[in-house]
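Asks: Just passing along the structure, written as structure tokens.
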Amino acid sequence: MNAWAAHGGNPFADATWDEAWKVGMVDDAQWDEIRAGLREESRRWLATLGTPREVHRIEYAGMISSIAHLAYHLGAMRQIATGARGPKEGSFQPG
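Residue numbers for the sequence shown follow this note's numbering, so the first one is 237 and each next one is one higher.
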């Protein structure tokens, strides 16, 4: 979606969806790099969503859908990676 916001057009035209499935395991350094990339792309998308702009109805629907889609993937990551999980039920202590 950052590509769409920056350049317009179809951001998925040259997507290589199968590439994500070729990686089975990563080491700590690779995981840190992946997380840093996700963090940066998420910050860029948040800034884009916070910037007023004129969009067509279909673009608006895509923007809203992307939020739910991103939440799905972040939730899946939290289920898979124990280090990404939040506190256990009842264990949160406000600072």
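Every residue, glycine too, gets a C-beta built ideally from N, C-alpha and C. Keep in mind the model is a prediction, meaning the values are calculated, not measured.
Any idea what DSSP makes of residue 329, helix, strand or coil?
Replies: Coil at residue 329, not helix or strand.
Asks: Nearest-angstrom Cα distance between residue 285 and residue 244?
Replies: Their backbone Cα atoms lie some 15 Å apart in a straight line.
Asks: How would you write the range of the alpha helix (DSSP H) that residue 299 sits in, first residue to last?
Replies: Note, residue 299: alpha helix (DSSP H), 293 to 316.
Asks: So the candidates are 259, 314, 281 and 265; which of them puts its Cα closest to the Cα of residue 240?
Replies: It is 281.
Asks: Measure the C-alpha to C-alpha separation of residue 249 and residue 266 and round it to an integer number of angstroms.
Replies: Approximately 27 Å between the Cα atoms of the pair.
Asks: Which of the three DSSP states, helix, strand or coil, is assigned to residue 280?
Replies: Helix at residue 280.
Asks: I think residue 302 touches residue 237, with their Cβ atoms under 8 Å apart; what is that distance to the nearest whole Å?
Replies: The pair is a contact, with the Cβ atoms about 5 Å apart (cut-off 8 Å).
Asks: Given this structure, state the Cα-to-Cα distance separating residue 297 from residue 306, to the nearest angstrom.
Replies: The alpha-carbon atoms of residue 297 and residue 306 are separated by roughly 14 Å.
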